[in-house]
Each structure stands twice: as structure tokens, then as C-alpha cells.
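So the sequence shown is numbered by our numbering: it starts at 519 and just counts up by one.
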Amino acid sequence: MRAISVILGFALIFNYLFNLQHVLLALKLLPVEFYQYPQSRFSKHELMVYKLILGWAIPIAISTIFVLKAKIHKRLTINYGYILFSIAVATFILRMIILYLTTFIQGGGATFVTAYLVGYLAFPLKFMLVFGAVKLLITLKPLEHAQMPNP
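Structural data, given as C-alpha cells:
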């Protein structure tokens, strides 16, 4: 469970700091029709799959490789940095679930109001993620094969 929250947290940080959709559009590697409205080249399902891959699948894959190669999940110490990090990840996921569930209410007003109100959580969540990640990485236990032998 710790590994999942750490992987999701690092994926969120990666997505905030290095948004692949914006970078690929700036480098002109994505078709311009990707961001035009109304969509003529892509169906709404194809567009959703592309955005899901660029926005979540690639950052989760990169953060999974990072966490497993660095063995972060085995070296974690439970402290306030990890707790803050986990609370931020859980709140972000809860925020997304609430926004998704409000789309089932007809009219669109509930989604608009919910998106407006949970928008106030964006900055504190980013701060909690970054602060928790820094504290989490600083307080990792050292690798066993990297420790100096006792004389």
C-alpha cells in the first residue's frame, strides 16, 4: 500500500512539473487538431485515450520505474512527511472521484460548482505533495549494500 501511494504521488508531481501534453504541443509533436474545438479528426473516445495515456499512464510508468529501481518502498520511514504525502495523494484522488461523480447530475451546475470549490484545494495539495516528497526522500533509510562497514 505504501508503494502505491508513493508511486501515485510521484506521478502527480511529475504530471504537475512536466505535463507531457503541453510539452509535446509546444514541440509540435502532437497534431494541432488535438487541441481544436470541435474535434474533427479524433472521436471523443480516442481523445480521452490519448489524454489518459499522456496525462497518467506515462507518468505512472516513469514513477513506478523510479520507485522500484531506487527501492523507495522498502526504505520508507513513517514520519510526518510520508503522512502529509499520503494525505495529499488521497485528497487528490477523492477530489477527482467527486468531480467525476458530479458529472452524473443533469444540467452541469453541480459539476461547475464542485470544480470551482475544489479548485481551492489545488495549491495546498501541490504544496503538501512537494513538501512531503522532499521530506520522504530526505528521511529514506540507506541501502544496505551502500553502508560503510563498521571497523
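By construction, the Cβ of each residue, glycine as well, lies at the ideal position given by its N, Cα and C atoms.
Throw me the rounded Cβ distance for the residue i and residue j pair, which I believe falls under 8 Å.
| i | j | result |
| --- | --- | --- |
| residue 542 | residue 535 | About 15 Å; that fails the 8 Å criterion. |
| residue 608 | residue 620 | Not really, about 19 Å apart at Cβ, beyond 8 Å. |
| residue 525 | residue 581 | 5 Å |
| residue 594 | residue 520 | 6 Å |
Using CA coordinates, which residue listed in the options is at the minimum distance from residue i?
| i | options | result |
| --- | --- | --- |
| residue 572 | 589, 609, 530 | 530 |
| residue 658 | 607, 588, 569, 614 | 588 |
| residue 637 | 645, 558, 613 | 613 |
| residue 631 | 645, 550, 594, 616 | 616 |
| residue 527 | 645, 663, 660 | 645 |
| residue 641 | 610, 654, 662 | 610 |
| residue 583 | 661, 532, 537, 660 | 532 |
| residue 539 | 592, 570, 579 | 570 |
| residue 578 | 545, 555, 537, 618 | 537 |
| residue 662 | 550, 592, 655 | 592 |
Any beta-carbon of chain B closer than 8 Å to the one on residue i?
| i | result |
| --- | --- |
| residue 596 | The structure shown has no chain B; it contains just one protein chain. |
What do you get for residue i, buried or exposed, if any count of 16 or more other CB atoms within 10 angstroms of its CB means buried?
| i | result |
| --- | --- |
| residue 585 | buried |
| residue 590 | buried |
| residue 643 | buried |
| residue 575 | exposed |
| residue 660 | exposed |
| residue 606 | buried |
| residue 545 | exposed |
**OP:** Please confirm if the segment 644-654 is in contact with the segment 596-612, defined as three or more CB-CB distances below 8 Å between the two stretches.
**Re:** yes
Original post:
Hey, is the segment 613-625 in contact with the segment 549-566, meaning 3+ C-beta pairs nearer than 8 Å?
Top reply: With the cut-off at 8 Å, the segment 613-625 and the segment 549-566 do not touch.
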